[in-house]
Structure formats: C-alpha cells, structure tokens
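Trainee: So the number in my numbering is just where the residue sits in the sequence shown, counting from 1, plus 1.
Even glycine gets a Cβ: it sits at the ideal position worked out from N, Cα and C.
The structure follows.
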Amino acid sequence: MNTLLDECNKLISLYELQRIPLEKQLHTIWWESVTDTKTPITRNASEASIKLWKIHSNHKFLQKVNRKLDDCIKAGYQGQEFRCLEILKANFIREGFSGDLRKGIESLSSLLEHRALNYRPVIDYRGRKRRLTQNDIHAELRSGLKIQRKALWEGGRRVGKILFRSGFIELVKLRNQGARASGFNDFHEMSLILDELDPCWLDNFMTELDNVTRVPFEILKEQIDTRLASYFGIKTTSLMPWHYSDLHFQELPVWKKTDPGKKLKSDPVKNISRLFRSLEIDISDILLSSDFKKRKNKISHAYCLDLDRMGDVRIIATDTNDFTFISTLLHECGHAAFFKYINSDLPYILRQPAHTFLTEGVAIFLQNFAWDADFLSTLYSKKPGFWKKYQTNNLERIQRESLIFARWSLVMYQFEKALYKNPEQDLQKLWWELVSKYQLLQVPPDRESRCDWLSKVHLITNPVYYHNYLLGTVFSSALMRKFFPLSTPESLLSSAKSLKIGRFFRDSIFMHGKSLHWQDVILKTFGEVLSPTMLTGSD
C-alpha cells in the first residue's frame, strides 16, 4: 500500500509542479484584464494557456493516472490520494481538447467575452442620449422609474444580437465537438459529469423543483403583478418584462417604497468587514487587496477570484454607494470567506470548494444580512428601529426571493440543455416558451428577430453554470431553516453571532475543501440528501 501511495503522490506532485505557476499567471492576467477592459489580450496569457493545454494533452500521463485509480480501487483504497487523482482526471478531460480546437474555443470565447463586457448601449434617456453600463440599467429599473423602462430594457437586451453575429453558435459547436471527442453526447452533459453531477439526477431534481414551486410561484406572481399594475397605473394584463426590477425577472421586484435605496452615510466595505469579524470570519485582508473603485474601463459585473489557493483572494465590484452594492458585496464576501478558510495543508488539487454550488449557497445565505436592521443602521446612520420595516418578515422575503430565482434558473437550465443538444433550432422561440412556462411573463411583440437569450453573459463566460446558482439557492434555504427554523429573529446578525454560524461554516464546510464529495458535505450538514423541498420547506 505504501508503494502505491508513493506512486500516486509522485504523479500528483508532478502535476502540481507544472500547473500551479501557470494557473496563477493566468489568474493574474485575468485580474488585470477585468480591472481594465481595454487591456489587450497579452502574449503572456496566450503562452500560459498553451502551456496549460500541453499539460492536459499529455495522454501518457493520463494513462498513468487511470492505472493508479484502478490500482487504488483494487486495493480498496479511496483516501486523499485517490480523491486527488479523480479530480486530476476530470481536469485532463475538461482541458485536454486538441490543439486547434482548443485554440479556436479560446479565441472565439475571448472575442465574445470582450464584446460582452465592453457593451455600453446608447439610450435616449432622460431627455438626452446616454451610454449606460448593464449596472446602470439595472439600477434605473430597480429605482422605481415609471417612464422609459422599455428603452432601458431593450438597451440591455441588444447585446444579444451583437454576440450572435460575432459567432456564438460557432462557439457552442466547438464546445460540443470537444465534448464528443472525449466520449460525451454534448458539452452540457460533459460539464455536469466532470463536475460530479449525474445528469439524470439533476434532471429529476429540476422536474421535482418545478413541481414543488409551481403553485407557490403562481400565487406570488399574482400578488406581485397586482402591486406592480397598481404602481404603474395599468392592468395586470398589460404588464411586460420591463415593468419588473431587472432584465430577466430574477429578483423580487422593488421600488422606492420598499427598498432602502438611499445613499450610504458610512464606508460599506469597512462595515462589511466588521460584520464578518463579528461572525468570527476575518476577511479584512481580502477587502484591502480588492477593487471597488468606479472606473470607465472596468467590468460592470462582480467576481471573486482565488488567484493561487494560498490566500491571495480578491473581489472586483463597483461601489455604487447604494443598497445594491451592499447586497452584491456581501455575496462576493461569502465566496471569499470560503476560499480563505479552506485548509491550507491540503494538497493543491483539493484546496477548492467541494462544489461550486456550495460556495454559491454560502454567498446567498450571507447576502441575506443586507436586510438586517442592526446592520443597515451602521450603514445609513439611523437607529435600528428606523429599519425595522425593512426587516419585517425577513424570512418570508428571503423565501420569496428564492422562489423567484428558482423559476428563473429553471429557464436557464432548460435553455442551455436544449442549446447544446441542438444549436440550430429557433433559440429565440425556445427562450420565450421557457420564460412563459416557468416565469409566467408575457412575450413582448416583435421579438422574433432578436436574440434576447444571449443578453445573459453567463452563456459565454460561465457556460453550463446556472444550475450551481439554483442548487446554491436550495442549499442556502436549507441553511436558513437549519439556523432560523421557527420565526424571524429580532436580528439575523445577532442570532447568527449567538449561534456561532461563522465557526460552523469554517469548521464544517469551508476547511474540508474538495477532500469531501459535495454529497458528504450535505449529509454532514443536514443529515439528509439535497432535495428540492428544502427550498419551500414542504415535505
């Protein structure tokens, strides 16, 4: 057994020796490119990508990995070395496409991502033409503005046509080509399997989730539509997608009467740092190395990046000095905390979350503190009592948010699955059929020639990813019920402190990294498997 483990560790060490410096180099280049989107794709990035591809195109090395996996199984060993080799094998399949194919995918995806992230539509707005970011459009839609909403909504959607004409379908076909060469039916199936998700299990999960959320969502949607129609002074039958608070109806609609929406009176970053420390999670070092300044050539999306799996974790977001920034930053800090507190003694391969959806779930859970009255009082220099109306029935609000997001995520999951199965079909028709089915939104007239579906940049930058948000939402809902099972606490923050939630996250979820399979993490946390009923609380 010792000889077998020594041989396994030699393979693992050789792989890490080659991958670690290249991965850090690529992450550093990516960080520089998103902090300044006008930075051209550098020669160093291309060289590092080629070297990383060469590692994973070494078929002899992969054969050695497969042999050692077989030897471990025969010896009845499935410890840490076996786990590393499992993940290493998935990396080889995922990143080992042939040279020309890999080059084609990287070139086209880089072009599309660059155009998506630099998209700034010119909109005839407030009496003059303005060039707006997607963040600007979201903020305006969320502000409760009653006029020109359609112009803003259409401005945010026009990027789809640009990306379609730039070759997105060709990118889908290239991804499928690589997946089929590796023995999978398509890129969607490959992505799930290599990410340790059984496609059949996930399909059944989504079907059950649709069933358990359909009626509660219909009731909620009717309540929302009644209130929106009253607010805009129209009939519910006249409501269109732009009357909701974001481009895709993935959030609970708000307007000035129900959203704090005020300018902050104190430094949000310092206050969030203080909030996390009160939960026994210190991320002050991460916040110091992050980028929150508003600049012209900076991406409008928020990300958290673990550069080296050794503590260099950074967040990029734009401080808009409002409630939306607070909510976004709390979410990204959840990711950051997860990355930071993974046991640094684990092998490099295992120093990552057990699954992406677990980090999404933690991020969503911590994002809920944006509505905590005690926390809001520190940001807006008002006494906690002033904010009680925003915390009223906080758990119910969280459940509504989760329900809306779940229905939107079903659209994304089913759309991407169908996209990779047949990229030549009428995707615009498919998109609106799914939106109508799962979100109960009306289809606006004259949309046939548009590419509304491609206004979601995740299709380019994070393909076959949205199920992670959905599973994370279910995980977050289960965590809320675990810690706050009966009723809304007077303060989520105070309750979280007394329940030692931060310590629980560090010791029970974060530190294990990928040494545990995600199913084992779920079982350790809840004593049962992940289920759609965890979202609604129904049996």
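Considering only the alpha carbon of each residue, which of N3, Q79, L89, N272 lies closest to S285?
Mentor: Nearest option by C-alpha distance: N272.
Trainee: Fully enclosed by the segment 346-428, which alpha helix (DSSP H) runs are 4 residues long or longer?
Mentor: Here the runs fully enclosed are 357-368, 374-381, 389-392, 395-422.
Trainee: For R129, does the three-state DSSP call read helix, strand or coil?
Mentor: It is a strand residue.
Trainee: Smallest Cα separation from C452: which of G157, S50, L308?
Mentor: Nearest C-alpha to C452: G157.
Trainee: I need the DSSP call for C452, collapsed to helix, strand or coil.
Mentor: In this structure, C452 counts as coil in the three-state DSSP scheme.
Trainee: Do G312 and L480 have their beta-carbon atoms positioned less than 8 angstroms apart in this structure?
Mentor: Taking 8 angstroms as the Cβ cut-off, L480 and G312 do not qualify as a contacting pair.
Trainee: Less than 8 angstroms between the C-beta atoms of D204 and Y421, yes or no?
Mentor: No, these two residues do not count as a Cβ contact at 8 angstroms.
Trainee: Assuming the contact rule is C-beta atoms closer than 8 angstroms, S301 and T134 should be a hit. Round their C-beta distance to whole Å, please.
Mentor: Between T134 and S301 the Cβ distance is about 4 angstroms, and since that is below 8 angstroms, they are a contact.
Trainee: Quick check on DSSP: helix, strand or coil for L577?
Mentor: In this structure the chain extends from 2 to 540, so residue 577 is not present and cannot be described.
Trainee: Measure the Cβ-Cβ separation of L265 and L380 and say whether it is below 8 angstroms.
Mentor: A contact, by the Cβ cut-off of 8 angstroms.
Trainee: Going by DSSP, name the residue or residues bridged to D292.
Mentor: According to DSSP, D292 bridges with I317.
Trainee: As a quick exercise: from D268, H336, V123, pick the residue whose alpha carbon is nearest that of R507.
Mentor: Of D268, H336, V123, the residue nearest in Cα terms is H336.
Trainee: When the distance is taken between beta carbons, is M512 closer than 8 angstroms to I343?
Mentor: Yes. Within cutoff.
Trainee: Restricting to runs no shorter than 4 residues, where is the alpha helix (DSSP H) found entirely within the segment 17-70?
Mentor: Listed in chain order, they are 44-57.
Trainee: Among residues of its own chain, excluding the 5 on either side of W388, which ones have a beta-carbon nearer than 7 angstroms to its beta-carbon?
Mentor: Excluding positions up to five away in sequence, the list reads A374, L377, S378.
Trainee: Going by DSSP in three states, V173 sits in which element: helix, strand or coil?
Mentor: Residue state, collapsed to three classes: helix.
Trainee: Could you pull the start and end residues of the alpha helix (DSSP H) that T214 belongs to?
Mentor: It spans 200-233 - the alpha helix (DSSP H) in which T214 sits, taken as one unbroken run.
Trainee: Hey, which unbroken runs of the alpha helix (DSSP H) at 4 residues or more fall wholly within the segment 63-122?
Mentor: Whole alpha helix (DSSP H) segments, 4+ residues: 81-96, 100-118.
Trainee: Whose C-beta lies closer than 6 angstroms to the C-beta of L531 among residues of the same chain, with five residues either side of it excluded?
Mentor: Here the set comprises I523.
Trainee: What are the start and end residues of the alpha helix (DSSP H) that includes E253?
Mentor: Looking at the sequence shown, residue 253 is not Glu but Leu. Careful: L253 lies outside any alpha helix (DSSP H) and carries neither H nor E.
Trainee: For the structure I just gave you, are there three or more beta carbon pairs, one from the segment 123-131 and one from the segment 228-237, closer than 8 angstroms?
Mentor: In short, these stretches do not touch, since the Cβ pair count stays below three.
Trainee: Assuming L536 contacts A338 under a Cβ cut-off of 8 angstroms, what Cβ separation, rounded to an integer in Å, is found between them?
Mentor: So it is not a contact: roughly 23 angstroms between Cβ atoms.
Trainee: Note down, one range per segment and in chain order, each beta strand (DSSP E) of at least 3 residues found wholly within the segment 493-525.
Mentor: Fully enclosed beta strand (DSSP E) runs of 3 or longer: not present.
Trainee: Is it buried or exposed for K294, if we count other Cβ within 10 angstroms and need 16 for buried?
Mentor: Exposed, because fewer than 16 other Cβ atoms sit within 10 Å of the Cβ of K294.
Trainee: Could you have a look at I300 and say whether DSSP puts it in helix, strand or coil?
Mentor: In the structure shown, I300 sits in coil (DSSP, three-state: anything other than H, G, I, E or B).
Trainee: From L113, Q149, E114, N119, pick the residue whose C-alpha is nearest to that of R129; which is it?
Mentor: The candidate whose alpha carbon is nearest that of R129 is Q149.
Trainee: Would you kindly check if the distance between the Cβ of D211 and the Cβ of L411 is under 8 angstroms?
Mentor: Against a cut-off of 8 angstroms, the Cβ pair of D211 and L411 comes out as a contact.
Trainee: Do W154 and P242 have their C-beta atoms closer together than 8 angstroms?
Mentor: A contact, by the Cβ cut-off of 8 angstroms.
Trainee: Determine the DSSP secondary structure at I282, reduced to helix, strand or coil.
Mentor: It is coil, neither helix nor strand.
Trainee: Thinking just about the alpha-carbon of each residue, which of L70, S144, K25 is nearest to the one in K52?
Mentor: With distances taken between Cα atoms, K52 lies closest to K25.
Trainee: Would you report the Cα separation of A355 and E87, rounded to the nearest angstrom?
Mentor: One C-alpha to the other measures close to 13 angstroms.
Trainee: Between the Cα of L248 and the Cα atoms of N177, F218, R143, which residue gives the shortest distance?
Mentor: Selected option, being the one with the closest Cα: R143.
Trainee: What do you reckon, are the CB atoms on G168 and I106 nearer than 8 angstroms?
Mentor: No, they are not a contact pair.
Trainee: Report, in whole angstroms, the separation of the C-beta atoms of D96 and H57, which I expect to be a contact under 8 angstroms.
Mentor: Strictly speaking, residue 96 in this sequence is Glu, with Asp absent from that position. 4 angstroms between Cβ atoms; contact.
Trainee: Under 8 angstroms between the Cβ atoms of S279 and K501?
Mentor: Result no, Cβ atoms of S279 and K501 do not sit closer than 8 angstroms.
Trainee: Tell whether a beta-carbon distance below 8 angstroms holds between S509 and G161.
Mentor: No, they are not a contact pair.
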